[in-house]
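Numbering of the sequence shown is given in the working numbering, commencing with residue 53 and proceeding in unit increments. No residue lacks a Cβ here, since even glycine has one placed at the ideal position from N, Cα and C. Please read the structure below before turning to the comments.
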Amino acid sequence: MKDQWYGDARDLVKWGILTEIAQRFNAVRILQVLYLRETAWKKLEVDGEPVALPRAVVDHFRNVRNIGTLKGPAEVEVFDRPFADRTEYLSELVERIRAGFGGTAIIFLDPDTGLEPTRPGPEHVLNSELATIWREVAVGDVLVFYQHQTNKNGLPWIALKQAQFERALGVSSGTAKLARAPEIAQDVVFFFCQKSPISSKTAG
Numbered sequence: 053m054k055d056q057w058y059g060d061a062r063d064l065v066k067w068g069i070l071t072e073i074a075q076r077f078n079a080v081r082i083l084q085v086l087y088l089r090e091t092a093w094k095k096l097e098v099d100g101e102p103v104a105l106p107r108a109v110v111d112h113f114r115n116v117r118n119i120g121t122l123k124g125p126a127e128v129e130v131f132d133r134p135f136a137d138r139t140e141y142l143s144e145l146v147e148r149i150r151a152g153f154g155g156t157a158i159i160f161l162d163p164d165t166g167l168e169p170t171r172p173g174p175e176h177v178l179n180s181e182l183a184t185i186w187r188e189v190a191v192g193d194v195l196v197f198y199q200h201q202t203n204k205n206g207l208p209w210i211a212l213k214q215a216q217f218e219r220a221l222g223v224s225s226g227t228a229k230l231a232r233a234p235e236i237a238q239d240v241v242f243f244f245c246q247k248s249p250i251s252s253k254t255a256g
C-alpha cells in the first residue's frame, strides 16, 4: 500500500470491518501486511521557491504505522517492511506468520489493488503468493484480503475476484465470505476465510 492513500474513507471501512471480524472470531491480534511502497512526494512552492514537504507533516497525516495505537478488541501489528523484492518479502512474511500470535489472529493482506490480473504489478498479490501464505496460516486464524474494483465499465467484478481468491486458497466455492460498505466506499471489498482443519488438509 502506498502511504499517500492512508487515512481516506476506505481506511474507515477497512478498520471498521477488521474490528468487527476480530470481535466475531475472538482474535487477539491483527497483522496488517502493508506491501509498503513509500511515496516520493512532490515539492511545495512558496513565493516561487520549491520547498520539500516537511517530514513531520507527512508522518502526522500519512504514517501508516499509527494504526498500531487503535483501541479495539485485538492488538494491531503492522508488517511494514518495504515491498521491493517479492521473493524476499514473502519469505519474511512467512517467517513472521510461523512465529505465531499467542491466540487467534487476523492476517490482513493490504495491497494497493488486490489480486493479480493478466499483467500484475507491484500493487497486486500473486495467486501463488496467496496460496503460500494460506498454507502457513494456522488453523483457527482468519485471512482477510483487500480488493479494489478491477474495472470502471460497470461489469461485475466482485464474484470473479472472490472466485479467484478461493481458487488460490484451494477452498470450495462459497467458502470465503465477503465484507463491504457500499454506502461509504463502493469500489472496495474484503474477502475473508477462517482456516479449518479441512481447508488445512486441502491447502497442504
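The beta strand (DSSP E) enclosing residue i, as first and last residue numbers
{"i": "Tyr198", "result": "194-200"}
{"i": "Asp239", "result": "237-246"}
{"i": "Phe113", "result": "It is not in any beta strand (DSSP E) - Phe113 instead sits in the alpha helix (DSSP H) that spans 107-114."}
{"i": "Val128", "result": "127-131"}
{"i": "Ile158", "result": "157-161"}
{"i": "Glu168", "result": "Note, Glu168: premise wrong, no beta strand (DSSP E); not H, not E."}
{"i": "Val191", "result": "Taken as a continuous stretch (DSSP letters only), Val191 belongs to no beta strand (DSSP E), as it is neither H nor E."}
{"i": "Glu101", "result": "101-103"}
Beta-carbon spacing of residue i, residue j below 8 Å
{"i": "Lys247", "j": "Asp162", "result": "no"}
{"i": "Gly166", "j": "Tyr198", "result": "yes"}
{"i": "Ala79", "j": "Thr156", "result": "yes"}
{"i": "Gln257", "j": "Asp239", "result": "No answer is possible for residue 257: it lies beyond the span of the chain, which begins at 53 and ends at 256."}
{"i": "Leu182", "j": "Leu221", "result": "yes"}
{"i": "Ala237", "j": "Arg62", "result": "yes"}
{"i": "Val241", "j": "Ile210", "result": "yes"}
Run of the alpha helix (DSSP H) containing residue i, from where it starts to where it stops
{"i": "Leu221", "result": "210-221"}
{"i": "Arg187", "result": "179-188"}
{"i": "Leu230", "result": "No alpha helix (DSSP H) contains Leu230, which is instead part of the beta strand (DSSP E) from 229-233."}
{"i": "Val146", "result": "138-150"}
Cβ distance (whole Å) where residue i is taken to contact residue j below 8 Å
{"i": "Phe244", "j": "Val196", "result": "4 Å"}
{"i": "Leu145", "j": "Ile185", "result": "7 Å"}
{"i": "Ile158", "j": "Glu188", "result": "That pair is no contact at about 15 Å."}
{"i": "Lys95", "j": "Val103", "result": "6 Å"}
Cβ-heavy atom distance, residue i to the ligand ZN, below 7 Å
{"i": "Ala104", "result": "Absent from the structure shown: the ligand ZN. Ligands present: none."}
State whether the segment 218-238 contacts the segment 58-72, with contact taken as three or more CB pairs (one from each stretch) at a distance under 8 Å. yes
Could you tell me whether the segment 86-96 touches the segment 129-149, where touching means 3 or more Cβ pairs closer than 8 Å? yes
Can you list, in chain order, the stretches of the beta strand (DSSP E) that have 3 or more residues and sit fully within the segment 66-97? 81-85
Three or more beta-carbon pairs under 8 Å between the segment 77-84 and the segment 112-128, yes or no? yes
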